[in-house]
Structures are given as C-alpha cells and as structure tokens.
Amino acid sequence: MIHHPGLSEPRTKEEWRAYLDAKPPLRPTMPPLDDYLAMSEGERETFNDERHRYHSALVILKTPPMQRIHRQIKRKLLLNANPPPGARPGLVIDGPPTVGKSTLVKTFAAEFEHGLRRRHPERFVRKPGDDYVPVAYVSVPAGCTPKMLSSAHAKYMCLELPRSATSEAITTRVLEAIRRCGTELIIIDDVHFLDVSVKDGKLTNDHLKNLANFAAATFVYTGVEVEDSGLFLEGGHSERATQTGGRFTLFQLDRFSIKTETDAREWALVIKGMEDALALFRHKTGMLAAQHWEYLHDRTNGSIASLSILIREAALEAVESGTERITKKMMDEIVLPRASEQSYRAKRKRKRHSSSGKGQDDLGCAAG
Numbered sequence: 001m002i003h004h005p006g007l008s009e010p011r012t013k014e015e016w017r018a019y020l021d022a023k024p025p026l027r028p029t030m031p032p033l034d035d036y037l038a039m040s041e042g043e044r045e046t047f048n049d050e051r052h053r054y055h056s057a058l059v060i061l062k063t064p065p066m067q068r069i070h071r072q073i074k075r076k077l078l079l080n081a082n083p084p085p086g087a088r089p090g091l092v093i094d095g096p097p098t099v100g101k102s103t104l105v106k107t108f109a110a111e112f113e114h115g116l117r118r119r120h121p122e123r124f125v126r127k128p129g130d131d132y133v134p135v136a137y138v139s140v141p142a143g144c145t146p147k148m149l150s151s152a153h154a155k156y157m158c159l160e161l162p163r164s165a166t167s168e169a170i171t172t173r174v175l176e177a178i179r180r181c182g183t184e185l186i187i188i189d190d191v192h193f194l195d196v197s198v199k200d201g202k203l204t205n206d207h208l209k210n211l212a213n214f215a216a217a218t219f220v221y222t223g224v225e226v227e228d229s230g231l232f233l234e235g236g237h238s239e240r241a242t243q244t245g246g247r248f249t250l251f252q253l254d255r256f257s258i259k260t261e262t263d264a265r266e267w268a269l270v271i272k273g274m275e276d277a278l279a280l281f282r283h284k285t286g287m288l289a290a291q292h293w294e295y296l297h298d299r300t301n302g303s304i305a306s307l308s309i310l311i312r313e314a315a316l317e318a319v320e321s322g323t324e325r326i327t328k329k330m331m332d333e334i335v336l337p338r339a340s341e342q343s344y345r346a347k348r349k350r351k352r353h354s355s356s357g358k359g360q361d362d363l364g365c366a367a368g
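Heads up: the sequence shown begins at 1 in UniProt numbering, then just goes up one per residue.
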C-alpha cells in the first residue's frame, strides 16, 4: 500500500493522532560546499531531494501574535479546569483569511496534548471501548446545519450512528462521548460557514451554544469576519446577544503591519526566523530581513501564509537552479495566491504615483 506523503486536515481522532505523531522532515546536515560540488550526480539528487522535503515543510514560527493568543487559550483552560456546572468561558479568534488562525489553534492543541502525554502517559493507554480524547478538532462544513455539525463531531469521535439518527440523538451521543473521553478542548474551525441569516444557520448557532452549555470543555472558535456574522447575536436576536457575547472573549488576528517601528521589527523577526531555517549553501541569513522586509510585506500584504509560500518556493528554486541563495529577482518571478498579487499590484501603482509626485516637489524645493 502506498501512503500519501502529506498530512490533511484531521477529521477524526485517529487522524488527529496521526497529525500529532507526524515528524516534520529534519534539516539535512549541510556538508562543506566543495564536498557538495564533488558529489556524484546521483548523490547530489538524493541530497537535494532531502532538502526539497525539508523546505516544503520548513518551520511553523511562533510569532508574537500567536504567542499572545496561546497564552489566552491556556489561561481559559486553567480557568475552566474545575468550575461549577454550566457553560464555561471560551474564545473566538477572528481575522481575515491567510493570517494563520487554523495553524495557531492546531499548534496550541498539539502542544497541549503532547504536554498531557508527557505528564499523564497512563491516560493514553489504549483500552477497549472509549479512550482518552483530550482534544476535539472540528471544521464547520459550508451551509452547515445542526445535524451536519453534530455529525462532524460524531465522525471525529468515531461514533457509529444509525442512518435514521436525528440531530438531537446525534448530539446526545456526542455529548456522552465528550464526557466519557475526557475531552477538555474543543476547537470549531471556520465558524463563518454558519449562515445565520437563514433558518438552519440560526439553529446551528443555537446548537453551538447548546454544546457549550452541556460539554465540560473549553471551546475555541475561529473564523473570518466572525464579529459581523451574527455569532454573538445567537441567530440575530439582539435580546439574546449576551448568551454567547457574555461568555466568549473575542481576539482579532490580523495581517502583519509595518506602520510602527514595533510592527516592522516583529515582521522582520518573522522573516529572519524563516531565513534561519533555510538549508542553502550561499544564502546569507538575515539578508531578506535586513534588506527586503518592506518588499516582502508589499508582496504578501502581511500574510504569514503568503510569506511562507514565497520563501519556501524560492528555497526550492534556489536548490533547483543551483544559485543556493534567495534573491529579489527570484522572488519577483514567483506567482503568489491571487489576493496577494492583486494587493501587490495596487501598492506598486500607489508607490509609482507617490514617487512621481515627490520628485516634482523635491525639484521645486531645490530650485527655490
């Protein structure tokens, strides 16, 4: 049997465990450049294949915004460890696409469960029947209904359900499984797929509140433009706004900015973190962060996802081309996702107009 080399989004507890157990490719030990050049063609191809696998994954950086929100999630878990019965406080992480919301919550959840494995290995001994499932990760499907959401939870917990099972019956089974399996952290990703303007969306929104009421776990939601989606209005009824708005803390995760010196320094540190991880012979680490931090912000619009794509793809090209370094010219030739490319074109146009105007003003001042 041939196994797919990559990891997909976990849909079940078994896939989540596979995600936790997966080891990223290690950085190859870099020989002296002369030794590399002296390799046979076959040896060089094998070594470069290792570098390609490594650069394909590269690193997941713990950026300052990620660290700040991780601290908040940990604090909520500690707060919810032994409270009286009832709904526990939760978190909503809102932000535009490609800022790393899903990566942020999965990284925290993975570290949380790995910590439990170290401290309480006895809990993870596999036994017949229900096992220990401290983390549940569910992604909201498009056009989600209460039954679809409960079914996604049931699929994650690997529950066998009769085809005729109602939404209420599935939810009851899910809540029982959460209790029996000791689930402490429940992540519900892509909550923006709940369309609260339609009946099913309102019902699903209320269904989320019902889960939070009866599951003794900390809930973390992520989504795009969640604050304006109606999630905090429980299906659009303003008189019930406090039911979720009163329990869930909202955190905004935005694209990186370079408007202030602090912002620019954080952005440059992210770039340098990726540079430090590269396995290239001639690339001077820190060069991109020092010389091209503003260009990289323009190219990616401050998106951590686009930055990762750009640097990883440039690293692959640096190996393939034999240049062994990342240059601005090389990055210019890489086509990023459409949103980043559109933003970059717009910024270049604005800068051309701005520099054109400045030149005329400077000439006038000098003449005066």
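Quick reminder that beta carbons are idealized off the backbone N, C-alpha and C, glycines included.
Please classify N205: is it buried, with 16 or more other beta-carbons within 10 angstroms of its beta-carbon, or exposed?
-> Locating residue 205 in the sequence shown gives position 205, where the first residue counts as 1. Buried, because 16 or more other Cβ atoms sit within 10 Å of the Cβ of N205.
Proximal residues to K215 (C-beta, below 8 Å), its chain only, five neighbours per side dropped = Walking along the sequence shown from the start, residue 215 turns up at place 215. Residue identity check: residue 215 is Ala in the sequence provided, not Lys. Excluding residues within five positions, the ones whose Cβ falls inside 8 Å are L175, I178, R179, T183 and I186.
Mind listing, in chain order, the continuous beta strand (DSSP E) runs of no fewer than 3 residues lying wholly within the region 70–102?
-> 90–94
Would you call L79 buried or exposed, if buried means 16 or more other Cβ atoms sit within 10 Å of its Cβ?
-> Here residue 79 refers to the residue found at position 79 when the sequence shown is read from its first residue. Exposed, by the Cβ-count rule.
Smallest Cα separation from S167: which of E160, P146, C181 and Y156?
-> What you label residue 167 is simply residue 167 of the sequence shown in a count that begins at 1. The residue from E160, P146, C181 and Y156 with its alpha-carbon nearest to that of S167 is P146.
Using three-state DSSP, classify S139 as helix, strand or coil.
-> For the purposes of this step, residue 139 is taken as residue 139 along the sequence shown, with counting starting at 1. Note: S139 maps to strand in three-state DSSP.
Pick from G322, T218 and L307: whose alpha carbon is nearest that of R282?
-> Working through the sequence shown from its first residue, we reach residue 282 at position 282. Distances from the alpha-carbon of R282 to those of G322, T218 and L307 put G322 closest.
Evaluate N82 with the Cβ neighbour count: other Cβ atoms within 10 Å of its Cβ, from every protein chain shown; 16 or more gives buried, anything less gives exposed.
-> Along the sequence shown, read from residue 1 onward, the residue named residue 82 stands at position 82. Classification for N82: exposed.
Within 10 angstroms of the Cβ of D94, are there 16 or more other Cβ atoms? Answer buried if so, exposed if not.
-> Taking the first residue of the sequence shown as position 1, residue 94 is located at position 94. It is buried - the Cβ of D94 has at least 16 other Cβ atoms within 10 Å.
Integer-rounded CB distance, given that V270 should sit under 8 Å from I304 = The residue given as residue 304 occupies position 304 in the sequence shown. The residue given as residue 270 occupies position 270 in the sequence shown. Sure, about 7 Å apart at Cβ, within 8 Å.
For Y295, which residues of its own chain have a beta-carbon under 7 Å away from its beta-carbon, when the five flanking residues on both sides are left out?
-> In the sequence shown, counting from the first residue as 1, residue 295 sits at position 295. K328.
G223: first and last residue of the uninterrupted beta strand (DSSP E) it sits in = Within the sequence shown, the letter at position 223 stands for residue 223. T218 to G223 is the extent of the beta strand (DSSP E) around G223.
Do you know offhand how far P24's Cα is from F112's?
-> As a first step, residue 24 must be located in the sequence shown, where it is residue number 24. As a first step, residue 112 must be located in the sequence shown, where it is residue number 112. Distance between the alpha carbons of P24 and F112 is about 18 Å.
Look at the alpha carbon of residue 376 and the alpha carbon of H353, and state the distance between them as a whole number of angstroms.
-> With the chain covering only 1 through 368, there is no way to say anything about residue 376.
Which class does L159 belong to by DSSP, given the choice of helix, strand or coil?
-> For the purposes of this step, residue 159 is taken as the residue at position 159 of the sequence shown. Of the three classes helix, strand and coil, the one that applies to L159 here is coil, per DSSP.
Does DSSP put I188 in a helix, a strand or coil?
-> Numbered from its first residue, the sequence shown carries residue 188 at position 188. When secondary structure is reduced to three states using DSSP, I188 falls in the strand class.
What separation, rounded to the nearest whole angstrom, lies between the Cα atoms of T249 and M66?
-> To locate residue 249, count along the sequence shown from 1; it is residue 249. To locate residue 66, count along the sequence shown from 1; it is residue 66. Roughly 16 Å between the two C-alpha positions.
In three-state DSSP terms, what is R300?
-> By 1-based counting over the sequence shown, the position of residue 300 is 300. The sequence given here places Thr at residue 300; Arg does not occur at that position. Of the three classes helix, strand and coil, the one that applies to T300 here is helix, per DSSP.
What does T249 pair with, by DSSP beta-bridge criteria?
-> Position 249 of the sequence shown, counting from 1, holds the residue named residue 249. According to DSSP, which records beta bridges pairwise, T249 is partnered with L91.
Grouping DSSP H, G and I as helix and E and B as strand, with all else coil, what is G115?
-> Mapped onto the sequence shown, residue 115 falls at position 115. Three-state result, G115: helix.
Within this structure, are the beta carbons of F193 and L91 separated by less than 8 Å?
-> As a working note, residue 193 is residue 193 in the sequence shown. As a working note, residue 91 is residue 91 in the sequence shown. For F193 and L91, no; Cβs fall outside 8 Å.
Taking C144 as the reference, give the member of E160, A217 and L208 with the closest Cα.
-> Here residue 144 refers to the residue found at position 144 when the sequence shown is read from its first residue. With distances taken between Cα atoms, C144 lies closest to L208.
Could you spell out the range, first to last residue, of the alpha helix (DSSP H) harbouring R180?
-> Translated into positions along the sequence shown, residue 180 becomes position 180. Looking at the DSSP string, the run of the alpha helix (DSSP H) that includes R180 is S167 to R180.
Take A277 and list the residues in its own chain whose beta-carbon comes closer than 6 Å to its own, dropping the five residues that flank it on each side.
-> As a working mapping, residue 277 is identified with position 277 in the sequence shown. Here the set comprises L58 and V59.
Beta-carbon contacts of E9 that lie in its chain and below 7 Å, excluding the five residues immediately before and after | As a working mapping, residue 9 is identified with position 9 in the sequence shown. So the list reads S139, once near-sequence residues are dropped.
Reduced DSSP secondary structure (H/G/I, E/B, other) of H283 = If you number the sequence shown from 1, residue 283 lands on position 283. Three-state result, H283: coil.
Counting pairs of beta carbons, one from the region 151–158 and one from the region 103–110, are three or more of them closer than 8 Å?
-> no
Count the other CB atoms within 10 Å of the CB of E313; is the residue buried (16 or more) or exposed (fewer)?
-> As a position in the sequence shown, residue 313 is number 313, starting the count at 1. Result: buried.
Reduced DSSP secondary structure (H/G/I, E/B, other) of I309 = For this step, residue 309 is matched to residue 309 along the sequence shown. Note: I309 maps to helix in three-state DSSP.
Spatial neighbours of L310 within its chain, please: CB distance less than 8 Å, with the 5 preceding and 5 following residues excluded, ordered by chain position.
-> Residue 310 sits at position 310 when you count from the first residue of the sequence shown. Contacts found: L296, R299, T300, M331, I334 and L336.
If I'm right that R123 touches Y132 with Cβ under 8 Å, what's the distance once you round it to whole angstroms?
-> Along the sequence shown, one-based indexing puts residue 123 at 123. Along the sequence shown, one-based indexing puts residue 132 at 132. Rounded, the Cβ-Cβ distance is 5 Å, consistent with contact.
What separation, rounded to the nearest whole angstrom, lies between the Cα atoms of R265 and K259?
-> Start at 1 with the first residue of the sequence shown, and residue 265 comes out as number 265. Start at 1 with the first residue of the sequence shown, and residue 259 comes out as number 259. In a straight line, the C-alpha of R265 is about 10 Å away from that of K259.
For L280 versus R325, is the C-beta distance shorter than 8 Å?
-> Counting from 1 along the sequence shown, the entry for residue 280 is found at position 280. Counting from 1 along the sequence shown, the entry for residue 325 is found at position 325. Closer than 8 Å, so yes.
Among the residues of its own chain, which have a CB less than 6 Å from the CB of A268, if the five just before and after it don't count?
-> By 1-based counting over the sequence shown, the position of residue 268 is 268. Excluding residues within five positions, the ones whose Cβ falls inside 6 Å are A289 and W293.
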